[in-house]
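In my numbering, the protein residues as written are 37 to 588. From the three backbone atoms N, C-alpha and C, an ideal C-beta is built for every residue, glycine too. Below is one structure, written out as structure tokens; the observations come after it.
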């Protein structure tokens with residue numbers, strides 16, 4: 037694949053200029069492509085054979101998890117299938133689990149673990165849903181979802197039917213699910229499941245788009261949307277579909293990325309869903325497993341343009357250290373990616389994409405996976421975006437479809453600046469974040485449509501310090517998802533983060549809560565607010581380490 041400016045056209049020139057700006061703007065954020073040395077040999081296959089089926093655009097998610105409890109994060113990739121049969125035939129279409137040997141090399145353990153999957157898979161959502169201390173995997177896909185229970189012996193059991201998560205819904209039939217995530221909706225100490233459904237799709241009834249000599253993928257407007265689903269954890273290994281009774285199913289969308297945070301500080305976790313080419317949803321948690329969609333009234337449905345964007349990946353966390361979770365989501369070319377700053381009541385969210393420099397940096401990009409992490413450990417969360425246009429963009433817009441990934445550095449004053457471009461141009465999709473080599477710097481693994489997945493190790497040489505918390509819930513869920521952590525720095529400033537694995541697009545990242553502490557090797561305060569309501573103070577804390585924190 038050519039990567040020169042000439043091969044990429046006008047957009048390629050723009051990206052080279054962007055990269056030059058990144059090189060001069062920041063010498064702090066750097067990544068090394070460790071794909072070859074890591075021995076991760078995974079190609080994401082979408083099954084495309086020239087039929088332009090809509091599902092071929094959307095794979096695939098990545099999940100990270102320490103499935104065998106050796107202290108090192110492993111990687112799970114979802115994969116496609118043959119189209120239109122939706123059957124996996126051999127290793128080419130298998131979902132894959134790679135074990136991290138803690139020395140930078142990964143081994144394919146899919147067969148022994150029993151997680152090859154069936155059907156056309158889209159997303160991986162990882163968490164310990166049964167509080168046994170071991171992470172489980174939920175796989176969302178086309179007409180079929182799978183729940184894998186970790187047996188704690190290096191293998192998994194498909195418990196989908198037993199758990200009541202076959203995906204069958206009275207209104208939508210077997211939905212096409214693109215993303216999913218775990219959160220404790222009612223703070224009962226058990227993780228519930230939210231599934232983001234896309235559109236009603238059937239290969240046999242899919243109408244072609246474009247003239248016969250130039251077929252193309254259809255716009256989402258050609259398909260009816262679907263309601264999302266909410267499954268309540270009963271605590272006995274089963275789930276109850278409360279999509280209708282909770283109010284979630286009342287909003288029909290075209291859901292893609294999903295993320296969780298308590299946006300209004302009432303102690304209940306809320307849900308944001310990035311919709312494709314229609315307004316975004318923000319489900320306010322009312323308690324008692326009831327939700328109300330408040331995207332319009334809170335300002336989270338549209339950016340300042342007043343038109344919907346092709347929302348795909350999303351992260352829902354505090355970028356400016358004011359204690360309020362903000363929203364960043366990706367879009368298509370000419371959308372620009374959006375930054376909603378949470379200013380609190382009454383309006384809550386304000387589009388700050390232009391003021392933050394995000395619009396200028398992303399207007400000519402199409403983004404999928406993304407995440408908000410402090411890559412240079414300066415105390416402010418930066419942004420990573422996995423990019424690529426649709427394959428038909430060459431004909432439609434005259435631009436090359438494969439793109440590079442980008443990193444934007446949080447300058448600490450409400451703005452983001454170009455920091456790095458990563459990888460050769462490709463059709464990048466899902467991305468998951470973790471510290472794979474345990475050096476205190478956040479790394480990432482990115483899937484690529486019909487191309488090699490790539491592992492990027494953070495080699496930033498800032499010399500700054502860091503702190504990570506591995507939470508263990510007692511009254512709260514085992515992973516501590518939803519717990520809010522505040523770090524007080526010696527200069528009196530505060531850093532904020534919360535525990536979540538639902539980051540980006542169709543993917544699931546490590547559950548640790550991470551902070552960069554800049555020049556400070558010791559912090560005077562670390563405070564945890566657990567989902568149960570319990571509060572815990574660790575007092576003066578030495579950093580540059582992972583701390584195990586058990587709920588009192």
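Residues of its chain near residue i, where Cβ-Cβ distance is below 8 Å and the 5 sequence neighbours each way are ignored
i	result
residue 571	563, 564, 565
residue 473	140, 479, 493
residue 415	357, 448, 525, 529, 531, 551, 552, 553, 554
Cross-strand partners of residue i (DSSP beta bridge)
i	result
residue 438	424
residue 461	Answer is none; residue 461 lacks a bridge partner.
residue 259	Partner(s): none; residue 259 has no beta bridge.
residue 493	68
residue 245	252
residue 571	565
residue 406	421
residue 156	178
residue 237	Answer by DSSP bridge pairing: none, since residue 237 is not bridged.
residue 265	231
residue 454	444
residue 215	232
residue 532	522
residue 485	80
residue 276	268
residue 544	99, 538
residue 193	185
residue 294	309
Rounded straight-line distance, which links the Cα of residue j to that of residue i
i	j	result
residue 99	residue 467	8 Å
residue 205	residue 211	For residue 205, the pLDDT reaches just 47, beneath the cut-off of 50, and the residue's location in the model is therefore unreliable, although a value from the coordinates is still provided. About 8 Å.
residue 413	residue 558	14 Å
residue 315	residue 378	18 Å
residue 417	residue 348	20 Å
residue 237	residue 259	7 Å
residue 144	residue 342	47 Å
residue 381	residue 330	13 Å
residue 221	residue 228	6 Å
residue 402	residue 463	10 Å
residue 428	residue 437	7 Å
residue 361	residue 543	20 Å
residue 85	residue 521	48 Å
residue 243	residue 254	9 Å
residue 148	residue 78	17 Å
residue 286	residue 297	21 Å
residue 322	residue 389	29 Å
residue 52	residue 452	Because the pLDDT of residue 52 is 42, which lies under 50, any placement of that residue in the model is unreliable, and the number read from its coordinates should be weighed accordingly. Approximately 18 Å, taken between the alpha carbons.
residue 569	residue 153	38 Å
residue 325	residue 396	40 Å
residue 130	residue 114	8 Å
residue 304	residue 276	20 Å
residue 486	residue 301	42 Å
residue 262	residue 273	27 Å
residue 57	residue 577	Confidence in residue 57 is poor, its pLDDT being 44 and thus under 50, which makes the residue's placement too unreliable to answer from.
residue 606	residue 249	Within the shown structure, residues of the chain are numbered from 37 to 588, placing residue 606 beyond reach of any answer.
residue 65	residue 199	43 Å
residue 187	residue 335	44 Å
residue 313	residue 257	8 Å
With 16 other Cβ atoms within 10 Å as the buried cut-off, status of residue i
i	result
residue 183	buried
residue 110	buried
residue 68	exposed
residue 290	buried
residue 332	exposed
residue 270	exposed
residue 59	Caution applies to residue 59, whose pLDDT of 41 falls short of 50 and renders its modelled position unreliable; the value that the coordinates give is listed next. Answer is exposed; the Cβ neighbour count stays below 16.
residue 127	exposed
residue 108	buried
residue 371	buried
residue 620	Residue numbering for the chain in the displayed model covers 37 to 588; residue 620 lies beyond these limits and cannot be assessed.
residue 87	exposed
residue 434	exposed
residue 457	buried
residue 71	buried
residue 398	buried
residue 105	exposed
Proximal residues to residue i (C-beta, below 6 Å), its chain only, five neighbours per side dropped
i	result
residue 597	Residue 597 lies beyond the range of the chain shown here (37 to 588); nothing can be said about it.
residue 252	245, 246, 428
residue 512	225, 566, 567, 568, 587
Cβ-heavy atom distance, residue i to the ligand FMN, below 7 Å
i	result
residue 127	Of the ligands one can find in the structure shown there are none, so the ligand FMN has no counterpart to examine.
Sequence-distant residues of its chain with Cβ nearer than 7 Å to residue i (five each side left out)
i	result
residue 408	351, 353, 355, 364, 417, 419
Practice task
Return the chain-ordered ranges of every beta strand (DSSP E) run that is complete within the region 54-129 and spans a minimum of 3 residues.
Solution key: 67-69, 98-101, 110-113
Could you pull out every unbroken beta strand (DSSP E) segment of at least 3 residues lying fully inside the region 306-380, listed in chain order?
306-311, 317-323, 326-329, 350-353, 362-365, 374-378
Please list the segments of the beta strand (DSSP E) lying wholly inside the region 497-522, counting only runs of 3 or more residues, in order along the chain.
501-508
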